[in-house]
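Below is one structure; the comments refer to it alone.
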Ligand SMILES: Nc1ncnc2c1ncn2[C@@H]1O[C@H](COP(=O)(O)OP(=O)(O)OP(=O)(O)O)[C@@H](O)[C@H]1O
Ligand SMILES: Nc1ncnc2c1ncn2[C@@H]1O[C@H](COP(=O)(O)OP(=O)(O)OP(=O)(O)O)[C@@H](O)[C@H]1O
Ligand SMILES: [Mg+2]
Ligand SMILES: [Mg+2]
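Residue numbers (the numbering used here), protein chains in the order written: chain X, -19 to 311; chain L, 12 to 302; chain C, 20 to 332; chain Y, 133 to 698; chain F, 201 to 494.
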């Protein structure tokens, strides 16, 4: 067991190093110079002032040091939780910006992922091998998974927001409120959260339902299901057992899907101007703010890594087969 | 001919290879030209592992295997004279191709220059050698042929080469009683032509039917070996006795042998190497009298 | 008279037509009897076993009846059969190795299974039966994966017989085991019968030698039909059907050596069950076949309890 | 003008009112009827409240919180006294401003001439953006509490007026001792200004200002902005902004909203300055900038033909749906109409005419030699130009496509390319481009700023803000400097110089004016009314929160609003 | 074992069994029909329409759908149907290239890791893990944001380079189980080398599986491409369904009532990808007798 975790940690550690390096490398080898963009923004024309500013910002961002030193500095800063200073929200530290956005993103992602996972799997398991449901409701599931996030999101925003007027279409909470620990504020948060959540939820829901349906069909045909049936066990029990086994691959599926879900959240946030990481990233891209981009990306990588790690561990804990595998019963 | 000396195989097992499993433990035996040696033991005792090591399909952890004094060197030249036929004929054929592809592979590797016509003739004669009708079996998919036919085609395939040694790994376990006997008879005939055969099985009666000499394995180690009739008629090792007593016989009731577990010295086969109880009859325990 | 099967016909639906896997099989079994069912692969043994407890989606009950203790079993009606399953008829499947839910501890699975059938678990009884087959009672706290093949086999045996069924169907439960485990499992089965946990048993295997050790009566099938049925002693010693004879003759036994006695197989192969030929189905491979064999031989009781379906018997 | 959108799927006002998103009457919520919601300025989270950072400080930092000596009224063409009561040139090189009595900072301290002197003195720091005025400004001193004296080495009257309403006055007692880094890069939390509003709160997507009850302007200027709170929402995307406007969640949007004409014409309670094309006031001129160092753009004849080839009407109608106006050949904004020398324009100006463009090309020696319908250079080499606009700037991208296709029609091969903004900035600065679109000069107090952009010399290795086309014409540049030195009340003197400059522009076409970008402003009448408009009796200010536009009428707009309910 | 009496007719039946079930599987038939129709529209539409510049302003702006302009026109007066047809082509192309590249990488890595095992497997596994854990879209965002050239091909390439990990894992697992099949050993005993064994023995056995993997990769490539387009990181030239969506949103199509501009591209993406997924399930049922409805 210890070795297993050691191994996993090693892999994840390596992944992390790779991600950080990629993240550090890409902007540095792409066209466009952040200092130049800062200068262009400032609309300064006097050559002396331009030069002075250039020196100043180059120094501020640490671009005057040798490249390897920059790399090491990056790591050092990373461990201090310092992702540098944003260019377009100058001079706010990137960490502050991200911390401001993270609660929104997590508040959107975690319920969307967990609820869609739970509901979708239940639903898929319920519909499988029931002719009527299988042929009517599951196609809806296919359509949902195949829907581009933004398309659904825009339709929802327009339909429920603009036309029906039931939901706001932008922001994390009303522009008339200041955050406080009150019901009013909480309900308002919820009100703004509903549509983005729904669009994420629906698309993911379809995917899980289908995954589960395809998975559980195999389980329902499996030997242990047949055995139970031969002993006259009711369909409910058989389905319950099949579900338990079918959910296991779905857990790995969750790990595989996480990246996609993050992408979905990103696009959804953009559509709803939801003040999470996604909106931040978009702005960072539009404004060539590569420190912010790096920071947000690092945050996502760390998030996905941690989530994957948790999933890996959970999987080992709930599947007895992997556990005995560790003890050597499997080849 | 074939010499297996102190061969050991250790597998890494567990999700990330956390533990080791000694599948074959310092096994030594010999197969002489024109001889059938049967390798007997329960499931998981390491029989197939030994076979595959001889064929060079899996690397050894320790020991040496030589064929005619030359160490195993997996590759085209080695397989020209050493071949194997496996346990499960159905999995030996690629299900998406026709069964006679196995012959084509041989031709591509070993006889690329033989003209097609001559090759066909050779294949036909090999198939006839295993007593099949070429017209019935060629050009068909594996699932359209019976296990016995597939098994015999595999033997025919081996016969196309200048074979010296054949590893026959449980080649009859999947077959019907009646087909099984046909295949065994075929092996016996091959032996008559001077071929050495290592016959791997867990069915004692089959081993007895065919082999000159028998090696009994348990948990990867040799517990008893010697001339077949000696081992079967006068089993020395309690494990061999237990095995023999468990075989259901048509005309005799099950006899009871004391379970091996009662023996103080045989927790896990032999440790002190083999002991020659009588000429040509080895056993893995020097303290048999105490049992 | 505990089980009476008459003229049972069960077909498989396939694309190419119906596979007539059981084509009119009749036999009876007494209380306490173990019937060994032997025959070449594909002759319909499993099909017979399945017909008696649960037919799969492709199977079709075409004709014939099955009576258990005088009541006719609704074998074609999946729902109606449910009342009989487990309570009256039970099964140890061919796939015992994978018959238990891999993600539930065995004890829990058994409890849930029983509860779903409206029975409360008698833990003591269960443990004593587990002891009987030579398993430690801790197996109940284990996952199936933690058991060896033979242990799983025996555990399934215990589960299947928990409700003391009148009829137990054991389908090839020993073919995947090595000889010593095989023996242990077989002994356990006998113990169950003797302990009264099951009244009668159908023991399916293609290993005639093994059958002869367990079964009171052996029934040999050939291509979806009954070939011969007799008390096991008799069937081994004095088989009447040419197929049975050839089969027994092709079995090598310890003591038989190639150099000394060359055994011979049965030439040819069994007919396709899609379009089985008219008349005796063994005709093509039978050394004795004559003209009368063009007509289907009836099953005759040539001696008490010795049934043969052959004109020449 | 548009046939489609009419009322088919667009929301009806009735339903959208039902669910107006800002929570109403909630405890702790800003009261809707006292709050003004705006958007269109802030392109991201409010970053800082540093008025020196005119380009990225939070909306309203300058204008609501910090004020300038004067405002400028583009309609009257006059400076409007603000913090300064008056100002005048006491001699050719000395300017004196009188500071109002009773102007106080938000912390209660009085604003004096010393603060003004201090604020202009900040420009001595090299990195402060207005550092360049110290090239010709010699000294600033507070003569007494109410008088500041500026002494110049060289009197650039035009530029000085521009500075008078552009430079903020910051409190010396708060700012003194700040390092250069702090002045330039500090966040300046809790800004202390003299303006009508002060900081209340901000979050990633908004900044909230609250009105100062003790603002000096109430009595001194006799005006009072109406909204108690101003919430400036960081720009959401176009369609979200439009949705919010329809939901009545926004009062004023200074976003470019394509297709908004439909809503203005429909019954959605949304108004703009004009109720017919171009709907908006004009804010700046979009130019096509040819790189005059490259062949064949170094040839004025070619540039002129190029100008003639551009189908601006198609851009105005097709791309913008008539939300903008085609520019006059001089490109001077409508507000500067009086400075356009019509004689020059009619003799030397250009108008779109594909055939004419073809002819001009042929006359200048650019002919199609290989029969592909596209002209070649005089030496026979291929002409293949690219027009670059930043990716994501949808309207410009469309415009670039139109320029490309109308150019092709005239025989000039132009390919649109959409690099990233950063990459484009770099190329533009270094002169590695063929054609770009640019609009970096806004309406101001003087056309001088316009011509300064066009002709500024010397050409440097990197051109950061002006003359991207690297056009070198000493004569023109001298004229521009000459213009700078004409007194701002000497309109005739200005016209005279400008006419000469215009002649050079029309003949040489260093840049090609295309259209006037709008002063985008869509307002909702649901909560606030009396928005500026062309209608009779309505205010005539620029209804905008844009940076540097508060002093051009944006602030005045706030003072004229009326609650819709009242 | 029973099929010894194999007749020629029987063989034909067996060979065509998959086909037999394929044409009777409604999921497969419907799914592929939709994809086929859309693909053909994309492929031949532009040719038939005879327009070569889909972004041209051809008509009055904001026209609702009519017999002349099937999907109406945009704010600029572009023919939405023409754009749609072109966009379909680009999008399907992006899916095919992206999915294709991803499938090739997944196959190479999956096969090699699964077949070679040991150290090679470990290293490849780690690589897979790394790419898997790094969120694709985020990487694409960064690369795209800093990349000057943005053609459809480039976009598809990037998508292909980042979306293979799950497929590689799946193929590896399959290869792993096939590797232990005896015919692989037999091929080695016949002196066949590793690459040939993978290509000629293992891969053909997984052909249906590989095909299904490709379908799924295709679908996800289309979706990722659409997301990128939508964020404004799509190809800088040409039309794709994602770019149409982006344009429609940026020009506030829905708010202005131009639903005909916004709805078709999204619906087409949904249809293509959804139909592929449905077909994929159908295929699964065809190739896996256990899943066939009885
Ligand atoms: N690739 C492998 N990795 C780990 N362990 C293995 C591997 N292959 C075989 N083993 C283990 O090695 C032991 C010997 O296996 P082997 O296949 O040689 O047995 P066998 O005697 O041939 O059994 P059978 O009669 O079932 O074929 C078994 O315990 C098996 O689980
Ligand atoms: N699902 C099915 N569909 C079609 N034919 C089937 C099916 N299951 C079995 N059969 C056919 O029915 C016949 C009888 O099969 P059955 O499984 O009863 O044989 P068996 O005697 O149990 O063989 P074995 O010893 O191999 O288990 C065989 O010919 C087989 O091919
Ligand atoms: Mg083996
Ligand atoms: Mg069977």
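Glycine included, C-beta positions come from ideal geometry on N, C-alpha and C.
The beta carbon of residue 193 of chain X lies closer than 8 angstroms to those of 104, 105, 107, 108, 114, 118 and 121 in the same chain, with the five residues before and after it left out.
A direct Cα-Cα distance of roughly 46 angstroms separates residue 238 of chain X from residue 419 of chain Y.
Secondary structure of residue 104 of chain C (DSSP, three-state): strand. Note that the C-beta distance between residue 198 of chain L and residue 42 of chain L is not below 8 angstroms. If you draw a straight line from the Cα of residue 231 of chain F to the Cα of residue 248 of chain F, it is about 25 angstroms long. Within the region 396 to 417 of chain F, contact with chain L at the beta-carbon level (separation under 7 angstroms) is assigned to 401, 404 and 405. Within chain C, the residues whose beta carbon sits less than 7 angstroms from that of residue 258 of chain L are 198 and 273, listed in sequence order. Of all residues in the region 28 to 59 of chain L, those with a C-beta nearer than 8 angstroms to a C-beta of chain C are 53 and 54, reading in chain order. Here the region 389 to 407 of chain F lies against the region 112 to 119 of chain L, with 3 or more beta-carbon pairs under 8 angstroms apart. Under the 8 angstroms criterion on CB atoms, residue 212 of chain X is classed as interfacial with respect to chain C.
Around the beta-carbon of residue 194 of chain Y, 16 or more other beta-carbon atoms lie within 10 Å, marking it buried.
Spatial neighbours of residue 576 of chain Y in its own chain (CB-CB distance under 6 angstroms, excluding positions within 5 residues in sequence) are listed in chain order as 294. For residue 210 of chain Y, the uninterrupted beta strand (DSSP E) segment begins and ends at 210 to 213.
In chain order, 120, 121 and 122 make up the part of chain C whose C-beta sits under 8 angstroms from the C-beta of residue 225 of chain X. For chain L, the residues of the region 384 to 396 of chain F that bring a beta carbon within less than 7 angstroms of one of its beta carbons are 385, 386, 387, 388, 389, 390, 391 and 392, in chain order. Neighbourhood of residue 169 of chain Y in chain X, by CB distance below 9 angstroms: 155 and 156, in chain order. In the DSSP assignment, residue 405 of chain Y falls outside any beta strand (DSSP E), carrying neither H nor E. No Cβ-Cβ contact shorter than 8 angstroms links residue 356 of chain F with residue 306 of chain F. In summary, residue 288 of chain Y is buried, with 16 or more beta-carbon neighbours lying within 10 Å of its beta-carbon over all protein chains present. Interface flag for residue 245 of chain X against chain C is unset, since no Cβ pair is found closer than 8 angstroms.
Of the candidates L:95, L:181 and L:238, the residue whose Cα lies closest to the Cα of residue 206 of chain L is L:95.
Residue 30 of chain C and residue 329 of chain C have their alpha carbons spaced roughly 24 angstroms apart. Any Cβ of chain C closer than 8 angstroms to the Cβ of residue 192 of chain L would place that residue at the interface, and such an atom is present. Within the DSSP secondary-structure output, residue 229 of chain Y pairs in a beta bridge with Y:219 and Y:280. Judged by DSSP secondary structure, residue 180 of chain L falls outside any alpha helix (DSSP H) and instead within the beta strand (DSSP E) spanning 176 to 180. Cα atoms of residue 406 of chain F and residue 434 of chain F: separation of roughly 34 angstroms, rounded to the nearest angstrom. Its Cα nearest to that of residue 428 of chain Y, the residue Y:499 stands out among Y:200, Y:651 and Y:499.
Taking 8 angstroms as the CB threshold, residue 267 of chain X lines the interface with chain Y.
Taking the Cβ of residue -5 of chain X as the reference point, every heavy atom of ligand 2 lies at 7 angstroms or farther away.
Of the other Cβ atoms in all chains shown, 16 or more fall within 10 Å of the Cβ of residue 394 of chain Y; this residue is therefore buried. Classified as exposed, residue 89 of chain C has fewer than 16 neighbouring CB atoms from the shown chains inside 10 Å of its CB.
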